[in-house]
């Protein structure tokens, strides 16, 4: 059945008067192929037909054809490829995509005469047909993919860092003109079985983070510090090689790379700016987990590349916090948060939960309501100097989580992070959330921790060595048997209804002297009836 022309070309007919529409439809009454309509318009010489109408018709026909072909787009591809329904058309009028996008062309800016190259494609991620002028970047990434040109070659020819070309390719993927293979940072579905379709999202991560403890140097001496050992630093050249290796790793796994710089205090590293710049130049999302610094120092960093967030720590209200982190620390943090906000840097405050501060968490969050973007807490790990402190009362922990969630409903800065919160959501029939790393326990899954001397651990909160960057690349470390064991989690959690987004906390099990691979987080309060 042939579709009516005014259904295929609604914008074209919308710009015509009622009389002109009727006359045009009558002239095309015997047209069997709607695709010939643009040429038909081009041959007309009527005063009431706008001169841009043939090109508008060409664009509308391309949009219609692409929409019809959208079902041919494969659900997955094995290699980076051009969207198979993408169409490239050359028009002799500018501004037609914007004109077409306006509601029935009402109030649209009229097209201007002049050549314009336009891309039309269907984006399977959002289920929408798009049309826009082709930018030089669009044409570059399409040429790269079609001709198999490596980003490194394009970067060298253009005098650009490779990450700038990677970013252009990523924008092509996000827009849908390019199709990328799915992330291979993926859970083993045989171990992490899902019960609902909406739990599938927790099995595959679109990103991978290197949590880089770049130095042990620190201007504080906190009572719960996990590691005060003296570790030698990587040289600047070695650090750059780590970032190059990370870039190749995330590209091979089809994910976005991220680097969280921490320590110690990462800003005390003698080559911090150079390493940070190298990370930005490789198109990594960056974050800093550190201590207060002068505004001028933060401005230096912003000029290189603004971090996704800057995280600082507080351990409770002023008196308790300063007993853990040093006199005057609380006030310095509050002032520093104001500095970060004035510089438009996203802020995060992290608290390490102990028996001594559990009752201060909600009051502290209230105090921070208008001073920070996100507030989180992590349970203490009894490792390093943290072994000298005490964990919160296990029997009262569930009650604390319930109180925290209730308070969070009224305080927008209170984030939810502990995996065990998913037990409460499960009991209430609420969809699970991402937990500690967005994917439950992310140890050796969507992040690893790199220590200052090159040791790589599944998680920094407890000894979990999986390799050494001096002897192995990240791919070899990630694919190692040790890393696979950590990301498989605890066997005692097999079959648990919330496992896809939980897995408890391996560091919590370690803190109690348990076998992290066989014995679950002792704070878990999941009922056997719900498992």
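In our numbering, the protein residues as written are 721 to 1251.
Even glycine gets a Cβ: it sits at the ideal position worked out from N, Cα and C.
Buried or exposed, going by whether 16 or more other CB atoms sit within 10 Å of the CB of residue 805? Working through the chain shown from its first residue, we reach residue 805 at position 85. By the beta-carbon neighbour count (other beta carbons within 10 angstroms, threshold 16), residue 805 is buried.
With H, G and I counted as helix, E and B as strand and the rest as coil, what does DSSP make of residue 814? Counting from one through the chain shown, the residue named residue 814 turns up at place 94. Note: residue 814 maps to strand in three-state DSSP.
Under 8 Å by Cβ, that's how I've got residue 1246 and residue 1143 pegged, so tell me the actual separation to the nearest angstrom. The residue given as residue 1246 occupies position 526 in the chain shown. The residue given as residue 1143 occupies position 423 in the chain shown. Rounded, the Cβ-Cβ distance is 5 Å, consistent with contact.
Tell me residue 848's beta-bridge partners as DSSP assigns them. Within the chain shown, the letter at position 128 stands for residue 848. According to DSSP, residue 848 bridges with 843.
Name the DSSP bridge partner or partners of residue 976? As a position in the chain shown, residue 976 is number 256, starting the count at 1. DSSP lists 927 as partners of residue 976.
What's the call for residue 831, buried or exposed, on a 16-neighbour Cβ count within 10 Å? Indexing the chain shown from 1 puts residue 831 at position 111. Buried.
Between 892, 927 and 732, which lies nearest to residue 861 when the distance is taken from Cα to Cα? In the chain shown, counting from the first residue as 1, residue 861 sits at position 141. The residue with the shortest Cα to Cα distance from residue 861 is 892.
So, helix, strand or coil for residue 763, using DSSP? As a first step, residue 763 is located in the chain shown; it is residue number 43 there, counting from the start. In this structure, residue 763 counts as helix in the three-state DSSP scheme.
Let me confirm a value: residue 1151 is counted as buried when at least 16 other C-beta atoms fall within 10 Å, else exposed. Which label applies? Residue numbering aside, residue 1151 sits at position 431 when the chain shown is read from its first letter. Exposed is the call here.
Between the Cα of residue 839 and those of 787, 847 and 782, spot the shortest distance and give me the residue it belongs to. Reading the chain shown from its first residue, position 119 is the one you call residue 839. Ranking 787, 847 and 782 by Cα distance to residue 839 puts 782 first.
Between residue 1056 and residue 992, what straight-line distance do the alpha-carbon atoms span, to the nearest angstrom? As a position in the chain shown, residue 1056 is number 336, starting the count at 1. As a position in the chain shown, residue 992 is number 272, starting the count at 1. Each residue's alpha carbon lies about 20 Å from the other.
Pair within 9 Å by beta-carbon distance, residue 1220 and residue 907: Here residue 1220 corresponds to residue number 500 of the chain shown, with the count starting at 1. Here residue 907 corresponds to residue number 187 of the chain shown, with the count starting at 1. Residue 907 sits close to residue 1220, with the two beta carbons spaced by under 9 Å.
Among 1096, 1130 and 955, which residue has its Cα nearest to the Cα of residue 989? Translated into the one-based positions of the chain shown, residue 989 becomes position 269. Closest option to residue 989, Cα to Cα, is 955.
Hey, could you find the ends of the alpha helix (DSSP H) residue 774 is sitting in? Locating residue 774 in the chain shown gives position 54, counting from the first residue. Counting along the chain, the alpha helix (DSSP H) containing residue 774 begins and ends at 773-789.
What separation, rounded to the nearest whole angstrom, lies between the Cα atoms of residue 869 and residue 1103? In the chain shown, the residue the question calls residue 869 occupies position 149. In the chain shown, the residue the question calls residue 1103 occupies position 383. Cα-Cα distance, rounded: 49 Å.
Please report the residue range of the beta strand (DSSP E) in which residue 1070 lies. The residue labelled residue 1070 in the question sits at position 350 within the chain shown. Membership of residue 1070 in the beta strand (DSSP E) is indicated by the continuous run 1067-1073.
Going by the beta-carbon positions, is the gap between residue 1012 and residue 1061 smaller than 9 Å? Counted from its first residue, the chain shown places residue 1012 at position 292. Counted from its first residue, the chain shown places residue 1061 at position 341. No; because the gap between Cβ atoms is not below 9 Å, this pair is not in contact.
What are the boundary residues of the beta strand (DSSP E) that includes residue 1185? The residue you call residue 1185 lines up with position 465 of the chain shown. Taken as a continuous stretch (DSSP letters only), the beta strand (DSSP E) holding residue 1185 covers 1185-1188.
Extent of the continuous beta strand (DSSP E) to which residue 1096 belongs: One-based indexing of the chain shown puts residue 1096 at position 376. Per DSSP, residue 1096 belongs to the beta strand (DSSP E) from 1094-1099.
Ignore the nearest five residues each way along the sequence and tell me which others in residue 1254's own chain have a CB closer than 7 Å to its CB. The structure shown does not extend to residue 1254, since the chain is modelled only from 721 to 1251, so the question has no answer here.
Do residue 1084 and residue 1034 have their beta-carbon atoms positioned less than 9 Å apart in this structure? Position 314 of the chain shown, counting from 1, holds the residue named residue 1034. Position 364 of the chain shown, counting from 1, holds the residue named residue 1084. Yes.
Classify residue 1177 as helix, strand or coil using the three-state DSSP reduction. For this step, residue 1177 is matched to residue 457 along the chain shown. The three-state reading of DSSP puts residue 1177 in strand, counting E and B together.
State whether the segment 882-896 contacts the segment 1190-1200, with contact taken as three or more CB pairs (one from each stretch) at a distance under 8 Å. At 8 Å Cβ cutoff, the stretches do not touch.
With burial defined as no fewer than 16 other Cβ atoms inside 10 Å of the residue's Cβ, what is the status of residue 1149: buried or exposed? Start at 1 with the first residue of the chain shown, and residue 1149 comes out as number 429. Using a 10 angstroms sphere on the CB of residue 1149, the tally of other CB atoms stays under 16, which defines it as exposed.
Supposed close pair residue 759, residue 811 - CB separation, criterion 8 Å: The count along the chain shown starts at 1 and reaches residue 759 at position 39. The count along the chain shown starts at 1 and reaches residue 811 at position 91. That belief does not hold up - the Cβ atoms of residue 759 and residue 811 are roughly 14 Å apart, past 8 Å.
Nearest candidate by alpha-carbon position, reference residue 1229, set 1216, 1199 and 1182: On the chain shown, residue 1229 is found 509 positions in, with the first residue counted as 1. It is 1182 whose Cα lies nearest to the Cα of residue 1229.
Taking all protein chains shown into account, do 16 or more other C-beta atoms lie within 10 angstroms of the C-beta of residue 1235, making it buried, or fewer, making it exposed? Position 515 of the chain shown holds residue 1235. It is exposed - the Cβ of residue 1235 has fewer than 16 other Cβ atoms within 10 Å.
Taking the beta carbon of residue 1137 as the centre, do at least 16 other beta carbons fall within 10 Å, making it buried, or is it exposed? Counted from its first residue, the chain shown places residue 1137 at position 417. Counting C-beta atoms within 10 angstroms of its own C-beta, residue 1137 has 16 or more neighbours from the protein chains shown and is therefore classed as buried.
On a CA-only basis, which of 911, 755, 1132 and 843 is nearest residue 792? Give me that one, please. As a position in the chain shown, residue 792 is number 72, starting the count at 1. Per the C-alpha coordinates, the member of 911, 755, 1132 and 843 positioned closest to residue 792 is 843.
Let me make sure I understand the geometry here. Which of 818, 753, 769 and 1187 has the alpha-carbon closest to that of residue 744? The residue you call residue 744 lines up with position 24 of the chain shown. Comparing Cα positions, the closest option is 769.
Would you tell me roughly how many angstroms separate the C-alpha atoms of residue 964 and residue 1026, rounded to the nearest one? On the chain shown, residue 964 is found 244 positions in, with the first residue counted as 1. On the chain shown, residue 1026 is found 306 positions in, with the first residue counted as 1. Straight-line Cα distance between these residues: approximately 20 Å.
I want to know whether the segment 932-944 touches the segment 980-988 - three or more CB-CB distances under 8 Å. These segments touch.
Just verifying my parser: in three-state terms, what is the DSSP assignment at residue 800? Stepping through the chain shown from its first residue, residue 800 is reached at position 80. Looking at residue 800 - three-state DSSP - the assignment turns out to be coil, as it is neither helix nor strand.
Suppose you measure from the CA of residue 972 to the CA of residue 799; what does that come to, to the nearest Å? Position 252 of the chain shown, counted from the first residue, corresponds to residue 972. Position 79 of the chain shown, counted from the first residue, corresponds to residue 799. Approximately 10 Å between the Cα atoms of the pair.
Would you say residue 1159 and residue 930 are within 9 Å of each other, going by their C-beta atoms? As a working note, residue 1159 is residue 439 in the chain shown. As a working note, residue 930 is residue 210 in the chain shown. Going by C-beta atoms, residue 1159 is not nearer than 9 Å to residue 930.
Since residue 1008 is in the beta strand (DSSP E), which residue starts that stretch and which ends it? As a position in the chain shown, residue 1008 is number 288, starting the count at 1. Segment 1005-1009, the beta strand (DSSP E) holding residue 1008.
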